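What follows is a short report on a single structure.
Residue numbers (my numbering): 548 to 1157.
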């Protein structure tokens, strides 16, 4: 984590620290920096060590000032940073807790939605099945009404058949004298017992037949009505087909027995009437009675044949109706079984529906409880959110203050950059001055070399000029040293300001990363300028050495001058000898003399002058 220094340090402390550093003479690479900048920021001059002269400062004083400032700034910065980190951790913990609660509520709502969707799907499925069962029940009731209508039609047909059979029985009873003598004579003696056993009155046979028919119809009606507790009437539900067949066969046998009993009754009546009657009257009327009997027998045979044809037709119709009834009964039995099965399923679905309704009520109770819990949780969360909003508003205020401070620091940074540009221009001016000084030093060296060449030839005339020039040069050198000291002091002040600007720039590393490269380039150029300044120092030292050499030369020349002055004094003390020598030297006879002495003196001077 890259820690940036706190922007809340007072400007007074910064200015006092900068003035203290300027007074102590600390360079640009010895200013106050944050611990992170001290640990990570490279040297402004790169790998090149500083070539500035060492500071005449005790290590205790420098360490005291630097340590106190660093401790104060670091303590304030660390306390504020810890407070900010603690607030951030608390906000993160609250946000995580709120996220967990919201996730839990979303999971609960999703689970309840799934449960409700399942219950709703089961309820819809049950409703669809109940609807289908109702449709099937409606269709079955319609079929049952149709079957009931057909049963009523068949019952009416059976009633008509019964009435016809009763009518036929009445017709047979109305004609008792239809028995033929041929049937009486041809009958076996055993027929008497059968006839006697079957000699039942027609009224009793008809009544028994009608009672059997009514019993069968009542049984059918009872079967059609069904139990009183059933939801709908179920016609022809438990009819026994075998019993009905047996009843119909018994009815047919009764009809035949009635017909036979009618014919046999006539014969037996004649038999029983014959012995008690007068044999003479019977004999006299035997011829007429036989004709009448034959005629009646013929009529009876025709009526019996007609009745048998009618009975055959009725039997065919009865068979067809029995077949239809059998089919309808089978269908009705299948329908009754399906209705029972559907009723059982309906009861099961009713039980399921009751269970679903109970589960729905329980789910509603749980949902109400969860809603209450949710409302409580929402109230608590709203309070937490209000607290968070208050904390966020305070954080927003702090952020606004920090933004204002940042804008102010940006303005100061821009001002520092302006100062830096001015320092660069001044540095360029100093470099130009150094170049001028270098050129002046070169000119001086050239002049000194010229003076050296001209010293031997113009020693007397130029000695004072050399001394004056030397004095002027010494004065200029002192001025140059003074100017150099001033420039050095200005340079140190500028470097201190530059260090202060660097500190201000480094305090905003996160925002001025793009400008660091430029700063490093400027630092490199500053190092080059320091190198050039060191070269100028070296050249100044060389000039100092050359000036020292010239001073030595001037001293030598002074010694020689004193020597010459002493020689001149000696010559003045001995003027005669000097005049003689002069006359000898300047005589026309010896023209080469003075030149040789002058040459010797020049050689002596050249030997003495290095």
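We put the CB at the ideal spot given by N, CA and C, even for glycine. None of these values were measured; they are calculated from a predicted model.
Through-space distance from residue j to residue i, alpha-carbon basis
| i | j | result |
| --- | --- | --- |
| residue 881 | residue 665 | 36 Å |
| residue 1073 | residue 1082 | 14 Å |
| residue 876 | residue 713 | 28 Å |
| residue 657 | residue 634 | 34 Å |
| residue 871 | residue 853 | 27 Å |
| residue 587 | residue 1028 | Low per-residue confidence applies at residue 587: pLDDT is 41, beneath 50, and the placement is therefore not dependable enough to give any value. |
| residue 893 | residue 680 | 8 Å |
| residue 699 | residue 693 | 10 Å |
| residue 531 | residue 1063 | No statement about residue 531 is possible, as the shown extent of the chain runs from 548 to 1157 and does not include it. |
| residue 932 | residue 1061 | 40 Å |
| residue 974 | residue 967 | 10 Å |
| residue 717 | residue 710 | 10 Å |
| residue 767 | residue 705 | Summary for residue 767: the model assigns pLDDT 40, below 50, so the residue's position carries little reliability; its value from the coordinates is reported in the next sentence. Approximately 12 Å, taken between the alpha carbons. |
| residue 929 | residue 623 | 36 Å |
| residue 751 | residue 855 | Residue placement at residue 751 is flagged as unreliable, the pLDDT there being 41, under the threshold of 50; a coordinate-derived value is accordingly withheld. |
| residue 961 | residue 955 | 10 Å |
| residue 987 | residue 1092 | 16 Å |
| residue 900 | residue 667 | 12 Å |
| residue 579 | residue 923 | Any answer about residue 579 is weak, because its pLDDT of 40 lies below 50 and its placement is not dependable; what the coordinates show is given next. Computed Cα separation, rounded: 56 Å. |
| residue 817 | residue 864 | Model confidence at residue 817 stands at a pLDDT of 44, short of 50, so the residue's coordinates are unreliable; what they give is reported in the following sentence. C-alpha separation (whole angstroms): 38 Å. |
| residue 885 | residue 891 | 10 Å |
| residue 630 | residue 1037 | 42 Å |
| residue 697 | residue 674 | 34 Å |
| residue 1014 | residue 1101 | 8 Å |
| residue 842 | residue 857 | 23 Å |
| residue 1115 | residue 989 | 38 Å |
| residue 942 | residue 632 | 13 Å |
| residue 1047 | residue 1053 | 10 Å |
| residue 1026 | residue 1088 | 15 Å |
| residue 649 | residue 919 | 16 Å |
| residue 1110 | residue 1120 | 15 Å |
| residue 1112 | residue 1075 | 53 Å |
| residue 1118 | residue 1008 | 21 Å |
Residue i and residue j closer than 8 Å at C-beta
| i | j | result |
| --- | --- | --- |
| residue 1051 | residue 963 | yes |
| residue 1020 | residue 991 | yes |
| residue 1108 | residue 995 | no |
| residue 683 | residue 889 | yes |
| residue 708 | residue 873 | no |
| residue 977 | residue 1024 | no |
| residue 947 | residue 638 | no |
| residue 985 | residue 1086 | yes |
| residue 896 | residue 646 | no |
| residue 651 | residue 921 | no |
Candidates the options, of which the one nearest residue i by Cα
| i | options | result |
| --- | --- | --- |
| residue 663 | 1083, 901, 1060 and 906 | 906 |
| residue 981 | 922, 1077, 901 and 1062 | 1077 |
| residue 934 | 710, 1065 and 641 | 641 |
| residue 1070 | 710, 1049, 690 and 1118 | 1049 |
| residue 695 | 867, 879, 628 and 850 | 879 |
| residue 868 | 1112, 1066, 623 and 702 | 702 |
| residue 950 | 623, 690 and 1055 | 1055 |
| residue 687 | 955, 887, 979 and 966 | 887 |
| residue 1084 | 677, 1031 and 944 | 1031 |
| residue 627 | 945, 1099 and 1067 | 945 |
| residue 850 | 715, 983, 936 and 1119 | 715 |
| residue 1058 | 965, 629 and 953 | 953 |
| residue 979 | 629, 940 and 1080 | 1080 |
| residue 660 | 910, 1001 and 1015 | 910 |
| residue 883 | 1118, 690 and 649 | 690 |
Distance between beta carbons of residue j and residue i, contact taken as under 8 Å
| i | j | result |
| --- | --- | --- |
| residue 1034 | residue 1097 | That belief does not hold up - the Cβ atoms of residue 1034 and residue 1097 are roughly 25 Å apart, past 8 Å. |
| residue 669 | residue 903 | 6 Å |
| residue 1104 | residue 1006 | 7 Å |
Short CB-CB distance (under 8 Å) between residue i and chain C
| i | result |
| --- | --- |
| residue 857 | The chain inventory of the structure shown lacks chain C, comprising one protein chain alone. |
heavy atom of the ligand COA below 7 Å from residue i C-beta
| i | result |
| --- | --- |
| residue 1038 | Absence of the ligand COA is noted for the structure shown, with no ligands found whatsoever. |
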